[in-house]
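Chains as they are written, first to last, in the numbering used here: chain A, 9 to 193; chain B, 9 to 193. Using N, Cα and C, we set each Cβ at its ideal position, and we do this for glycine too. Quantities reported herein were computed from a predicted structural model and do not represent experimental measurements.
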DNA sequence: GGATATGGTATCGAGTCAATACCATTGGAG
DNA sequence: CTCCAATGGTATTGACTCGATACCATATCC
């Protein structure tokens, strides 16, 4: 029988495996994490500050990583209309093309090789553990927009949603992205 | 409902949380992983080569990390009787004293806060995923000695076990440690 | 309109990591 | 028994990560 200590060791091992996969195609783990985040985050969250909160690092570190990605032509910065201090981040064509080559695909394949009841079960367990660990460090959830308590579906007509917190309209596609401000409904 | 893609995102997030916890007490994540490995590995596996295989890194990298730990007085090297090329690693008193301050304790607490059926379930899922991911990269399991097909229980009397592969006697305590050579029974 | 908060960047030092080169010892094969 | 390839480690280099600290511009609040 497996005891709790062994499970912790396995979680540690899994974390190492994920990190190791992050060296695909000459990029570094932190760079891949930034790329994946930018591919999934909505326009309110695609900023250096958003990425900093997501990764749980300091802003100086994240600024460095973003500069290296910008130098490599994978990420571009544009001015944020409405706040001249802030910066909007986005993937370039080249950056987007790199996404399918992500080393996480290896983990994903291993995951998909598991029988179905186990997959669902693992999802539940990991979700609960992440929630619990995030709560312990008072970190944000970065959940999906449409699962948020500030989300108003079809508030402006079919497919025209609305964020009550940021007072902004939302397209269908955006409702599927992750958001800095998301709070469970 | 959660789909498979979301589970992968959560696994990625969990890996980042584990890595972030690795900065406790001025050490780095890789240094903590080395310390934990040395605390759990048996005498056949407590070598730079064993740690290299466990972490899935190159030997040069691991050599660097071990040197920094030796400079800090947390790890000590002794000659390996029987092979003058090899080195035996061990934790110093100071290194052993540091173990309970491990940042993984935070993750462990979050894990223990989960209700029981979920804990067991998560353990099963993570075990299966790690096994599957390791197989994909043909990595070793580093399982517990007494679960190995080379393990002969009480072969030399009660509590006097034996490794058929390395042809070495094993004490009770060693049978509970992880081993480089372990293969599921 | 000035204090303070916020979003980012610049710089430094220690560490990580792969790659390459290198050095001993070991263990075969002739 | 002597080469010689394989094995276990270390040394060095260069790009990147990361926290800490300092700093700058724009926003916001009184």
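CB contact check: residue i to chain A, cutoff 9 Å
i              : result
residue 140(B) : yes
residue 193(B) : no
residue 4(B)   : Because chain B here runs from 9 to 193, residue 4(B) falls outside it and cannot be looked at.
residue 15(B)  : yes
residue 129(B) : yes
residue 54(B)  : no
residue 206(B) : Because chain B in this structure spans residues 9 to 193, residue 206(B) falls outside the shown range and cannot be described.
residue 126(B) : yes
residue 59(B)  : no
residue 172(B) : no
residue 35(B)  : no
residue 97(B)  : no
Segment limits, alpha helix (DSSP H) that includes residue i
i              : result
residue 185(A) : Segment: none, residue 185(A) is in no alpha helix (DSSP H) and carries neither H nor E.
residue 68(B)  : 67-79
residue 190(B) : Here residue 190(B) belongs to no alpha helix (DSSP H), and DSSP marks it neither H nor E.
residue 125(B) : 124-144
residue 176(A) : Not the alpha helix (DSSP H): residue 176(A) falls in the beta strand (DSSP E), residues 176-178.
residue 35(A)  : Per DSSP, residue 35(A) belongs to no alpha helix (DSSP H) and is neither H nor E.
residue 60(A)  : 56-63
residue 116(B) : 112-120
residue 23(A)  : 12-29
Residue i vs residue j beta-carbon contact at 9 Å
i              : j              : result
residue 194(B) : residue 131(A) : Any answer about residue 194(B) is impossible in this case: the structure gives chain B only from 9 up to 193.
residue 43(A)  : residue 81(A)  : no
residue 188(A) : residue 92(A)  : no
residue 33(A)  : residue 109(A) : yes
residue 27(B)  : residue 23(A)  : yes
residue 55(B)  : residue 83(B)  : no
residue 61(A)  : residue 147(A) : yes
residue 35(A)  : residue 59(A)  : no
residue 105(A) : residue 96(A)  : no
residue 192(B) : residue 151(B) : yes
residue 39(B)  : residue 63(B)  : no
residue 180(A) : residue 167(A) : yes
residue 29(A)  : residue 114(A) : yes
residue 190(B) : residue 149(B) : yes
Minimum Cβ-Cβ distance from residue i to chain B less than 9 Å
i              : result
residue 101(A) : no
residue 134(A) : yes
residue 12(A)  : yes
residue 137(A) : yes
residue 43(A)  : no
residue 122(A) : yes
residue 18(A)  : yes
Delimiting residues of the beta strand (DSSP E) encompassing residue i
i              : result
residue 105(A) : Note, residue 105(A): premise wrong, no beta strand (DSSP E); alpha helix (DSSP H) at 101-106.
residue 171(B) : 169-171
Three CB pairs or more closer than 8 Å across the segment 133-151 of chain B and the segment 103-121 of chain A: yes
Stretch-stretch touch, CB-based, cutoff 8 Å, three pairs: the segment 18-37 of chain A with the segment 155-168 of chain A: no
Selection of the segment 21-32 of chain A by Cβ proximity to chain B, strictly under 7 Å: 21, 22, 23, 24, 25, 26, 27 and 28
Residues within the segment 100-120 of chain B neighbouring chain A, beta-carbon criterion of under 8 Å: 112, 114, 115, 116, 117, 118, 119 and 120
Interface residues of the segment 139-169 of chain B facing chain A [CB-CB below 7 Å]: 140, 141 and 144
Under 8 Å (Cβ pairs) to chain B, residues found in the segment 66-81 of chain A: none
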